[in-house]
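Its first residue numbered 1, the sequence shown is counted upward by one per residue in UniProt numbering.
Heads up, the beta-carbon is just placed ideally off N, CA and C, and yes, glycines get one too.
Input: a single structure, listed below in structure tokens.
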Amino acid sequence: MVKIVKAQFHTAGKLYDFGAGDLDLKPGDKIIVETERGRSIATVVTPPREYEEAHVPEGLKTAIRIAEPSDLASAARNDAREQEAHAFCLRKIKERGMEMKLVKVEYLFDGSKAIFYFTADGRVDFRELVKDLAHQFHTRIEMRQIGVRDESKMIGGIGICGRELCCSSFLREFEPVSVKMAKEQNLALNPTKISGQCGRLLCCLGYEYETYCSLKKCLPKCGKVVKCGSTEGEVIKQNIIEGTVFVKTDDDRIVELKGESIKPEDISERPKSPRREGGTREREKEPQSSSDNQRREKPRDREQKPGDDGEQRRERDTKKNQDQQRGERGNRDRRGGKGRDKDKKEPK
Numbered sequence: 001m002v003k004i005v006k007a008q009f010h011t012a013g014k015l016y017d018f019g020a021g022d023l024d025l026k027p028g029d030k031i032i033v034e035t036e037r038g039r040s041i042a043t044v045v046t047p048p049r050e051y052e053e054a055h056v057p058e059g060l061k062t063a064i065r066i067a068e069p070s071d072l073a074s075a076a077r078n079d080a081r082e083q084e085a086h087a088f089c090l091r092k093i094k095e096r097g098m099e100m101k102l103v104k105v106e107y108l109f110d111g112s113k114a115i116f117y118f119t120a121d122g123r124v125d126f127r128e129l130v131k132d133l134a135h136q137f138h139t140r141i142e143m144r145q146i147g148v149r150d151e152s153k154m155i156g157g158i159g160i161c162g163r164e165l166c167c168s169s170f171l172r173e174f175e176p177v178s179v180k181m182a183k184e185q186n187l188a189l190n191p192t193k194i195s196g197q198c199g200r201l202l203c204c205l206g207y208e209y210e211t212y213c214s215l216k217k218c219l220p221k222c223g224k225v226v227k228c229g230s231t232e233g234e235v236i237k238q239n240i241i242e243g244t245v246f247v248k249t250d251d252d253r254i255v256e257l258k259g260e261s262i263k264p265e266d267i268s269e270r271p272k273s274p275r276r277e278g279g280t281r282e283r284e285k286e287p288q289s290s291s292d293n294q295r296r297e298k299p300r301d302r303e304q305k306p307g308d309d310g311e312q313r314r315e316r317d318t319k320k321n322q323d324q325q326r327g328e329r330g331n332r333d334r335r336g337g338k339g340r341d342k343d344k345k346e347p348k
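Structural data, given as structure tokens:
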């Protein structure tokens with residue numbers, strides 16, 4: 001049997017498994033663990049639990065020891081260095097006019113690397129900035145771009161509900177949130193009301209989404225016609241929390257009915273009104289006025305006069321073509337004459 005504890009490196013951060021070994025650990029203890037980035041200090045979240053060898057995660061690392069006062073003092077020094085590095089980096093970003101926002105600076109426990117977290121709209125060329133930071137702090141520098149949700153998680157704050165942000169207090173991972181969740185809960189689709197500090201949709205929209213979906217299945221949809229006892233009418237509103245619907249009867253009365261009292265066979269579609277033929281079809285069927293007929297016949301009148309037959313029309317067309325050909329030859333002759341005049345030399 002192997003004892004395993006779950007620990008986190010930051011508040012509301014991701015949980016990692018570590019072997020407890022022979023250590024007597026309890027939630028809230030600070031421990032020194034070995035990670036891919038080197039030694040670090042973590043906080044125990046769950047008490048040790050025993051697992052069989054077959055269920056032990058592959059590559060499980062064991063906690064080295066419980067953090068000593070010297071380790072806590074080293075972590076405090078790193079916090080001071082992070083504040084100093086944050087102020088220096090902000091000054092350099094402003095001097096260079098870089099389009100990026102510095103969020104947080106994190107030093108590894110052994111001080112071998114400093115990680116600078118920032119947000120930006122696009123790619124940022126920070127090579128010169130890294131040179132300044134490395135020259136100032138004499139350690140390895142890593143620039144890491146993060147999203148706006150991660151920014152809110154690192155900084156923290158107070159939400160519109162008056163409580164601490166979920167992401168910075170207990171929410172360890174971000175779940176996808178959509179506008180459909182707000183629609184299902186009959187919330188006003190106002191961006192300022194359903195958006196959080198990060199500018200994205202509130203994470204809490206997903207907390208009760210499945211509950212609302214299950215409750216709505218027991219209620220008839222708006223627009224349906226229901227019959228319950230002596231009441232018959234159209235559903236105009238749902239009260240999901242109370243499990244009731246508001247029905248508008250034929251005599252314009254509003255009646256509230258319990259969803260459980262409405263049987264599925266008493267729910268029907270609203271009868272569709274007879275289709276009215278549009279004005280377009282009616283206009284097509286209307287007889288054309290005499291003025292329209294006269295306007296449409298005028299072009300034909302100009303082409304064919306009363307009394308003309310087909311042979312006369314052909315003679316006129318032939319004569320018209322001949323006149324056009326003569327005009328074209330005359331234009332070519334005039335253009336050719338102008339060109340010949342240009343070639344002639346003036347007499348001396």
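Around the beta carbon of serine 195, fewer than 16 other beta carbons lie within 10 angstroms, which makes this residue exposed. Here cysteine 222 is exposed, its C-beta having fewer than 16 other C-beta atoms within 10 Å. Secondary-structure assignment with DSSP links alanine 73 through no beta bridge to anything. With a cutoff of 9 Å on beta-carbon distance, leucine 15 and proline 47 are scored as not near each other.
Our two residues, glutamate 265 and threonine 231, have alpha carbons roughly 15 Å apart in a direct line.
The three-state reading of DSSP puts arginine 140 in strand, counting E and B together. Inclusion of isoleucine 267 and lysine 224 in the CB contact set at 9 Å is warranted, their separation being smaller than that value. The C-alpha of leucine 219 is placed about 54 Å away from the C-alpha of alanine 63. Taking C-beta separations shorter than 7 Å and ignoring five residues to either side along the sequence, the partners of phenylalanine 88 in its chain run Gln136, following chain order. Looking at the backbone, the Cα of serine 168 and that of cysteine 198 are separated by about 12 Å. Counting the other Cβ atoms within 10 Å of the Cβ of isoleucine 31 gives 16 or more, which makes it buried. Taking the Cβ atoms as the reference, glycine 259 lies roughly 11 Å from valine 247, outside the contact range of under 8 Å. Counted as a single uninterrupted DSSP element, the stretch harbouring leucine 102 is not any alpha helix (DSSP H) but the beta strand (DSSP E) occupying residues 101-107.
Taking 9 Å as the cut-off, the beta carbon of histidine 86 is found no closer than this to the beta carbon of lysine 101. In the structure shown, the three-state DSSP call for lysine 263 is coil. Sequence-distant partners of arginine 144 (beyond 5 residues in either direction) whose C-beta falls short of 8 Å from its own C-beta, in its chain, are Ile115, Phe116, Tyr117 and Phe118. Selection Glu68, Lys193 and Val33 evaluated against glycine 159 yields Lys193 as nearest (Cα-Cα). Leucine 215: member of the alpha helix (DSSP H) spanning 209-216, first to last residue. Closest by C-alpha distance to tyrosine 107, out of Lys237, Glu68 and Ser40, is Ser40. If you draw a straight line from the Cα of threonine 35 to the Cα of isoleucine 236, it is about 59 Å long. Pairwise C-beta distances place the segment 1-18 in contact with the segment 50-63, as three or more of them are shorter than 8 Å. Per the DSSP secondary-structure output, asparagine 239 pairs in a beta bridge with Thr244. Here serine 169 carries a helix assignment [DSSP, helix/strand/coil]. Proximity of the segment 72-81 to the segment 50-58 falls short of the contact definition, fewer than three beta-carbon pairs being nearer than 8 Å. Within the same chain, Cβ atoms closer than 8 Å to the Cβ of valine 148 are found at Thr119, Cys198, Gly199 and Arg200, the five residues on either side in sequence being excluded. For lysine 3, the closest alpha carbon among the candidates His10, Ala12 and Asp22 is that of Asp22.
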